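Numbering of the sequence shown is given in this note's numbering, commencing with residue 57 and proceeding in unit increments.
Since the structure comes first, as structure tokens, the remarks are kept for the end.
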Amino acid sequence: MIKETILAEYQVEECLLKKGEMLFMEGETPRYYYQVKSGEIKMLNYNEEGKEFIQGIFYDQQSFGEPPLLGDFPYPATAQALRDSIIYRLPLTKFTELLKNNFEVHWQLSATLASRLRYKSMIMREISSHSPEHRILTLIDYLKKHASSAERFEVKLTRQQIADLTGLRVETVIRAIKNLEAQQELEIIDRKVWR
Numbered sequence: 057m058i059k060e061t062i063l064a065e066y067q068v069e070e071c072l073l074k075k076g077e078m079l080f081m082e083g084e085t086p087r088y089y090y091q092v093k094s095g096e097i098k099m100l101n102y103n104e105e106g107k108e109f110i111q112g113i114f115y116d117q118q119s120f121g122e123p124p125l126l127g128d129f130p131y132p133a134t135a136q137a138l139r140d141s142i143i144y145r146l147p148l149t150k151f152t153e154l155l156k157n158n159f160e161v162h163w164q165l166s167a168t169l170a171s172r173l174r175y176k177s178m179i180m181r182e183i184s185s186h187s188p189e190h191r192i193l194t195l196i197d198y199l200k201k202h203a204s205s206a207e208r209f210e211v212k213l214t215r216q217q218i219a220d221l222t223g224l225r226v227e228t229v230i231r232a233i234k235n236l237e238a239q240q241e242l243e244i245i246d247r248k249v250w251r
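Written out as structure tokens, the structure reads:
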């Protein structure tokens, strides 16, 4: 999100994370701005039964964890690497200075946070009142809309990740995807889901 050249002006650090490694834990105090240089990071919570709920997955050039940093409250979720990743890390004081000196970056960050808030609102509505098939299509259509290709879209999430993002059980996701394939809403080619 923030150009690497701008981050470099503020002495950004790089952190290497191995697959499965945690960057920060739910409840910790935020001290850094984070942006993915390469890799994948998921933000997640666990419920009382230990079921994982994925709040979001972040890819190359995407930032994450800003609301608690800007709002001065503890992280509401844990950040974990889905694969080996390189993360940019900028201390809060440097990040604040960067925002003060770069209105365009500040504006883009505000737009990104507004977009994420819209996504959360949409997901909450889906989880509370729609069928599994509708939830899954809404998630896939949202991802497709934000992908670079508008033609056919390959869903790069596992069935488990789709379940964790929609509040469904993986068995329900598998059944719903088969139903959606039968309705010709989705295609399954070599076990991969396409829309």
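Cβ coordinates follow ideal geometry from the N, Cα and C atoms, glycine included.
From a predicted model like this one, the values you see are computed outputs, not experimental measurements.
Relative to the C-alpha of R247, which residue among Q239, F80, D220, L213 is closest?
-> L213
Same chain only: Cβ atoms within 6 Å of T194, ignoring 5 sequence neighbours per side = E182
Please confirm whether L295 and S119 have their CB atoms less than 7 Å apart.
-> Residue 295 lies beyond the stretch modelled for the chain, which goes from 57 to 251, so this question has no answer here.
Extent of the continuous alpha helix (DSSP H) run through Q136 | Unbroken run through Q136 is the beta strand (DSSP E), 134–137; no alpha helix (DSSP H).
Starting from the C-beta of E241, find all residues in its chain whose C-beta is less than 8 Å away, skip the five residues before and the five after it, and write them out in chain order.
-> E189, L193, R251
Below 6 Å CB to CB, which residues in the same chain sit around R215 once its five sequence neighbours on both sides are set aside?
-> Excluding residues up to 5 positions away in sequence, V226, V229, I230 lie with their Cβ nearer than 6 Å to the Cβ of R215 in the same chain.
Local conformation of Y175 per DSSP, three classes | helix
Using the Cα positions of D116 and E105, report the straight-line distance between them to the nearest angstrom.
-> Take the alpha-carbon of D116 and the one of E105: they are about 32 Å apart.
Assumed close pair Y88, P132 - CB separation to whole angstroms, cut-off 8 Å | Actually they are not in contact, since the Cβ atoms of Y88 and P132 sit about 16 Å apart, beyond 8 Å.
Delimiting residues of the alpha helix (DSSP H) encompassing L236 = 226–238
Nearest to I58 by alpha carbon, out of P86, K75, Y144?
-> Y144
Which residue's Cα is closest to the Cα of I179: V211, F109, T134?
-> F109
Euclidean distance between Cα positions of Q136 and T222 | 19 Å
Residue from P130, F151, G95 whose Cα sits closest to the Cα of L63 | F151
Taking only runs of the alpha helix (DSSP H) that begin and end inside the stretch 89–161, which ones reach a length of at least 4 residues, in chain order?
-> The alpha helix (DSSP H) runs of length 4 or more contained entirely in the stretch 89–161 are, from start to end of the chain, 122–127, 148–157.
Residue closest to H186, alpha-carbon to alpha-carbon, out of Q67, P130, L224, Q91 = L224
Count the other C-beta atoms from every protein chain shown that fall within 10 angstroms of the C-beta of G127, then say buried if there are 16 or more, exposed otherwise.
-> Exposed is the call here.
What is the rounded straight-line gap between the Cα of F129 and the Cα of A167?
-> Approximately 21 Å between the Cα atoms of the pair.
N101 versus A238, Q217, A232, L169, residue with shortest Cα-Cα distance | Looking at A238, Q217, A232, L169, the one whose alpha-carbon comes closest to that of N101 is Q217.
Check whether L125 and K98 have beta carbons under 7 Å apart = Taking the C-beta atoms as reference points, K98 is found no nearer than 7 Å to L125.
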